[in-house]
Every structure is written in C-alpha cells, then in structure tokens.
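Chemist: Take this structure, written in structure tokens, and hold onto it; I'll ask about it next.
2 protein chains.
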Amino acid sequence: MIIENVLIVDPLDGEYVGSVEFEDVILDVKKSNKSTYDNILMPAFVDPHIHGIKGIDTMTASQEDFKKFKEFEALEGVWYFQPTTVTCPLTKLSEINLPSDLKLHIEGPFIASKRKGAHNEAYIQPPPRDVHELERYLPLSYIGMITVAPEYDTFMEFARSCEVKGIRISLGHSDATFEQVKSAFENGFKRITHFPNALSPLHHRELGVTGAGLLLDFTLEIIADGIHCSPDFVRLVYKIKGAQRIILVTDSISAAGLKDGSYMLGDLHVRVENGIAKLHDGTLAGSTLRFSQAIKNFVKFTDCSLKELAMVSSYNACKDLNLNGGRIKKGHPAKLILLDKDLNIKKVWNF
Amino acid sequence: MIIENVLIVDPLDGEYVGSVEFEDVILDVKKSNKSTYDNILMPAFVDPHIHGIKGIDTMTASQEDFKKFKEFEALEGVWYFQPTTVTCPLTKLSEINLPSDLKLHIEGPFIASKRKGAHNEAYIQPPPRDVHELERYLPLSYIGMITVAPEYDTFMEFARSCEVKGIRISLGHSDATFEQVKSAFENGFKRITHFPNALSPLHHRELGVTGAGLLLDFTLEIIADGIHCSPDFVRLVYKIKGAQRIILVTDSISAAGLKDGSYMLGDLHVRVENGIAKLHDGTLAGSTLRFSQAIKNFVKFTDCSLKELAMVSSYNACKDLNLNGGRIKKGHPAKLILLDKDLNIKKVWNF
C-alpha cells in the first residue's frame, strides 16, 4: 500500500509532504518536493482512560461488547485504549471480560474520599502494601495502570510493587499536599490522572496536586472537552508543560455517542444533558467526549502544531504505556490515520 | 571613583568580572580577564510597593519622616520607592507630606470588597470615570501608580485617563473573571499588584485574575517573604513567567525593622508575631519584609541567576515606572550597590 502526496505528521521528525509505503509495518517514507497536499497522515491515537462508549461499559461489557468497543474506537482513530474501571468492591474486578490484547486502567478504589468525584465512596479503600494482593481478583497481566492517591501510608510500597510488575502508577483523585506529591515524584511516579479534576487545588501557600503537576515534571492526562476544564485552562497547561507532558484522554462513559438521558457509571446513576454527564448532586461523571473531537478541541484551545498534536494524541501515551506505536517512520508499526485538513478522520489502517 | 575586580551584574549584558568608573553617571565599564572576584556590583533596587518601615507610615509620615524613610531604604539598597497608601477617605490623600522626588502608589479605595485583604471596607468605592476628579485631593503629579480592580464598570475610562497622565495602572485586590482581566490586558493594562494575594484564585473552569496573570503576558509584583506565597509558588511563577515578568516588592508596613507587637496600618490594628503582620481575623496585613532580604529569598526560592535578580529587583521596575536606572553601562546613572557573595549589602552609591 502506498499513500502519496499527504502531509506526514511525525511527533519527532515533524510535518512534511511525502509518501508512505506500508503493510503491517511502515516499509518506506519519502519526502517530496511538493508543498501542497489534500490530506494528513498521522499516527493512530491512544486513549489510556476510557470507561465506555455507545452503551458499552468496561464493568459490564461482554466479550462481544468488547469487540464492538474496539470497532467504535477504531472509528475514533484510536488503535489502543485502556478500558477503565470505576471504584467498586475488588471482587467485581474478577467479572470483567477483558480481551487478551487490552489492559485495564484501574481507577479506584485506592483513591481519596475527599476527591472521589463520581466514584462510590462506600468502596474506597487504601491500597494494599503489595499489588500481588490483587491477584485474588484478576491476573496482574490484565492491569496496565492504576490510579492511586499518593497520600495513603501504603502508597509507596504499593506503587513500587506495581512498578516491578510493569504496571503504571498514575496519581489521581487525590487531596495530597505538595510535599506528598513531590515525594511520589522523586520516587519516580510522574503521571497524573485527568489533571486537574479531582485533585487538591492550587493555593499560593499550599500548591496541592494541581500546583505540583504544574511545577514538577509530571505528565498530565487532559480531558479536552472544554467542560472538565475550560479552554483557557488547557491553554495554560500547554503553555506551562508543553506538548511533551500532556496525554489526551476522553474519560468517556457508556453515554458517549448516544443521546442525552439516564445512564449508569458503575452503580451510580448519571444524567446526561447537552452531552454533559453528572451525578444528581452536579458532580461531573466522566465525559461524552469522542477522541476524534478531543483532538480538534486541543488544537482549537492551544493553537498547537500538528507535530505537537501527534505527541499528545499518541506518541506520549505510547511511551508512557511502553507501546510500539506513535511514529511515522520506516520499521514502525503502520497504525495510521488519514484526516482531511479540518481533522476529520477519513480512513484508518491496521486496527 | 573606580571599583575594580568586581562581578558586574547587568540585567541585559549579564555577569562578568571587570571595573566600573563613575561619578553620578557611569563613565566607563571595563571587562577584565580575571574570573575571580570578592564582591558583586549591582544596579540599586526599586520598591514600587511599600507602606512603611521602622515606625514610619506613608499615611502619617512628616516631611522629616520621609527623609528617614529614604535613609532606611538606602540601607536596603533601594534608591527609589513608591510610598504606598491604604484604602482611606479620599480627603486623607491631601494630608500626605510627599517629598517632591517621590510619587505615590495609591492602593485602594478603587478595589473589590470581596478581595479587600487588609483594607478598610468602609472606604472602598468604584473609581471615578476620570482621574482628574482626584485633583481635588492631591496634584496628579504626586501619583505614580494606582491599584484598581478591573471589574468596575468605570475601570476602563478611569484607567485610560490615568494613562494619558502617565499614571501606571496595576490590577489588584480584584475578584474579576478571566474575561474581565483579559479585556483589561488587551487594552494595555498589563501589571498586577502583589500576585496572587487578594486576587480571584485559579479554578480550572474560571481562571480568575490568578490564572490570567499566569496565562497572559502580565508583569507581576511578588512579595518574596515566603509567607504571602510559599517558596514553591514563587518558583512556579518564575518557571511560568520568567524573570522578565516579575517585580519584587516588599509591601512592608511600619513594623518592618521593628520588634513584634501592635501597629497600625491606616486605621486598622495590626498584630505582628514572628514577623508576620495580621489583622485580628488572621488576614495578612502587609509584610515586615526588608528588600535586602527579599533578594536573598528570591534567589533561594528560584535558583535564578544574578542577571535575573537584577531584572526582578531593579530593571523591570525601572522600565515599568519609566525611571532612568537599572543598568550598569556607560552613560547610565550610577545608582549602584556593592554586595558580598552572600548578597549582603556592603556599600551603596548616589542615593
């Protein structure tokens, strides 16, 4: 397969017009002398934090549902995603019908009650000292990432035991102080879940998780729906951190891609109005954001380059999750998306 | 007068060992081949926001007190400062015994009640449409700067009338929204008083004055006492804004340089304990910070270079106030300070 005369966007090599020859793997990339093009070729996207889409929810999806989940994500340009759990009794984790080629993002129960967001407080608990205790409920190989509040006494032991097993730790749903977060950072835990939602806010005498995320060299998940944080806030994060330290996620729930109405997120009732998902008390409860929209929003909010867009939508997440992807370069997997100049997805390959 | 073999620190030309010949004006600056030195020569400091020091208060100082005020400031390395008023009935402004070579910083009464800090709410009022209305109380030539909350309907007209008269506007004590601050910024009002104290905080769905100060190209006053904002916060501001957009101020009150005890700030009672000045309700009420300490703190908090220190302690304020100073360069005024390597002031010239 050869695609000619497209704008090739690579997160490291930049943007240039050329042609790409590929099968499963990219066989050749050639720069052309032309400067005009009709379409854009980008590395396919990765969504490390997604609860569900179009009626499917990670917690209850059948094997058949997970197949559809992948198909729906392919339409969004997403070749890899982490189906994400909500805070639940740990026994519930054993009921998840995870396909063998995906890994979970476990969001809770090891989070802070004060910053629970749309998680059921009844099931919140401190992390065990060792991740092996979770093996009672599911194989550790099913787990890609765990969101944990670093203020628990057991955090550091738990996080280190995860590291040994190749499970990423993401700090989140946390009321930690700056010093607590700094300590986690200095011990190598440098990722934060849906920044700055459900995190202790920036105060000028106690920077909290929000201030730590901005000041220290953390990588931050951002939900670029313009609802979880304002476009200006996204621009501020982009200004401070640069595209290298941002990972776009949808945090979408089963209502994504469906009409407004009533839905479940775990065992909590969610009401979606004008695409905004909330608990009855007004707490935001995940999003209805589609990845194909998230990339358009991010460009609109920040005026970033397409090279930077390739970082925040794919390359950074690939590095973070140790995935082979995110590049348009000879020898790399040909997980590719063709977009028009308005960033509408026209075609995807190899997923 | 010739000073030889010192580290010359200029905010634009940088740091180098050499000699400086000067009278009132710098006659010659020579780079030497040496790399060792005992002392540091810096442009003398400017403090655009200081209520008082050692028992002297701008609101009540006699002509004799103002002489002492200048002498005390000289010991701090400060060659120019703006004696700063507190929120008061406007008639009080006519009682200030300002010397002819200084100009006032009028802090209030045109501020927001919700962000009054240690200002007496009873006297807070919207700004008039035209600064000429203040001529009833004092000559406009007495005024260097006015801190104003931009959310007042009359803000823009007032601010423009100040601009025409060469009076600087600084946004402060404000509960404005991001959009309101952005509008002021776009109209050329790009300075913020004692950031982020007494300003609407950063929220991720409404950035407030704090978020606007960080996101837009504002110049920010910073009280680097480690109390008004934490050292980490100062480091965050330095990281985001750079030294070019920071102006150190003390915001000190008459208790500065004196023992703990009871003092007045305008007509409010202030209690100073361990050097921290507060109203009875715990609100911070100015500082007891000395400029000679502020520069040490800023270096400690941020690890900035001496070149950058020259920016935040003098050059930026000179540019901001249209003062001829802040450089060590032939032809510039010789307002100079000699410091040892621990930044203790050893000698000052020409003020």
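Those sequence lines, one after another, are chains G and P.
Quick note on numbering: full-length UniProt numbering labels position 269 of the first sequence as 269, and the sequence is numbered without any gaps.
Quick note on numbering: full-length UniProt numbering labels position 190 of the second sequence as 190, and the sequence is numbered without any gaps.
In this text, a Cβ means the ideal position worked out from N, Cα and C, and glycines have one as well.
(1) Taking a cut of 7 Å between CB atoms, which residues from the stretch 219-234 of chain P lie near chain G?
(2) Does any residue of chain P bring its CB to less than 8 Å from the CB of residue 240 of chain G?
(3) Would you tell me roughly how many angstroms separate the C-alpha atoms of residue 331 of chain G and residue 325 of chain G, rounded to the nearest one?
(4) So residue 213 of chain G packs on residue 192 of chain G, CB below 8 Å; how close in whole Å?
(5) Would you mind reading off the limits of the beta strand (DSSP E) that contains residue 330 of chain G?
(6) Could you list the residues in the stretch 290-308 of chain G with a C-beta less than 9 Å from some C-beta on chain P, going in chain order?
(7) Considering only residues of the same chain and omitting the five flanking positions on each side of residue 10 of chain G, which have a CB-CB separation below 8 Å?
(8) Where in the stretch 116-183 of chain P do unbroken runs of the alpha helix (DSSP H), each at least 4 residues long, occur, reported from the N-terminal end onward?
(9) Just how far apart, CA to CA, sit residue 239 of chain P and residue 299 of chain G?
(10) On the three-pair Cβ rule with 8 Å, is the stretch 85-103 of chain G touching the stretch 137-149 of chain G?
(11) So with CB distances below 7 Å, who are the chain P contacts of residue 135 of chain G?
(12) Helix, strand or coil: how does DSSP classify residue 234 of chain P here?
(13) Which partner residues does residue 80 of chain P have in the DSSP bridge list?
(14) What residue from P:172, P:188, P:31 has the CA that sits closest to residue 164 of chain P's CA?
(15) Would you kindly work out how many angstroms separate the C-alpha atoms of residue 285 of chain P and residue 271 of chain P, rounded to a whole number?
(16) Could you please give the first and the last residue of the uninterrupted alpha helix (DSSP H) stretch that includes residue 316 of chain P?
(17) What residues of chain P sit near residue 202 of chain G, judged by a beta carbon separation below 7 Å?
(18) Go ahead and label residue 153 of chain P buried or exposed: buried means 16 or more other beta carbons lie within 10 angstroms of its beta carbon, across all protein chains shown.
(19) Taking only beta-carbon atoms, is residue 205 of chain G less than 8 Å away from chain P?
(20) Might you give, ordered along the chain, the residues of its own chain that have their beta carbon closer than 8 Å to the beta carbon of residue 128 of chain G, omitting 5 neighbours on each side?
(21) Check residue 5 of chain G in the structure and name its three-state DSSP category.
(22) Please state the DSSP three-state secondary structure of residue 205 of chain G.
(23) Whose C-beta lies closer than 8 Å to the C-beta of residue 228 of chain P among residues of the same chain, with five residues either side of it excluded?
(24) Helix, strand or coil for residue 240 of chain G, going by three-state DSSP, please let me know.
(25) With 7 Å as the limit, tell me which residues of the stretch 166-191 of chain G have their beta carbon closer than that to any beta carbon of chain P; keep them in chain order.
(26) In its own chain, which residues sit with a C-beta less than 7 Å from the C-beta of residue 258 of chain G, not counting the 5 before and 5 after it?
(27) When you compare each of P:220, P:206, P:334 to residue 169 of chain P by their alpha carbons, which one comes out closest?
(28) Quick one: does residue 211 of chain P have its CB under 8 Å from some CB of chain G?
(29) In whole angstroms, what separates the C-alpha of residue 176 of chain P from that of residue 160 of chain P?
(30) Got a sec: is the Cβ-Cβ distance from residue 248 of chain P to anything in chain G below 8 Å?
Modeler: For this structure:
(1) 229, 230, 232, 233
(2) yes
(3) 11 Å
(4) 5 Å
(5) Run containing residue 330 of chain G: none; DSSP gives neither H nor E here.
(6) none
(7) 43, 307, 310, 327, 328, 329
(8) 155-164
(9) 24 Å
(10) yes
(11) What residue 135 of chain G touches in chain P: nothing, since even the nearest Cβ is about 37 Å away.
(12) helix
(13) P:46
(14) P:188
(15) 9 Å
(16) 316-321
(17) 202
(18) exposed
(19) yes
(20) 134, 154, 158
(21) strand
(22) coil
(23) 194, 197, 251, 284, 287
(24) helix
(25) 178
(26) 54, 55
(27) P:220
(28) yes
(29) 18 Å
(30) no
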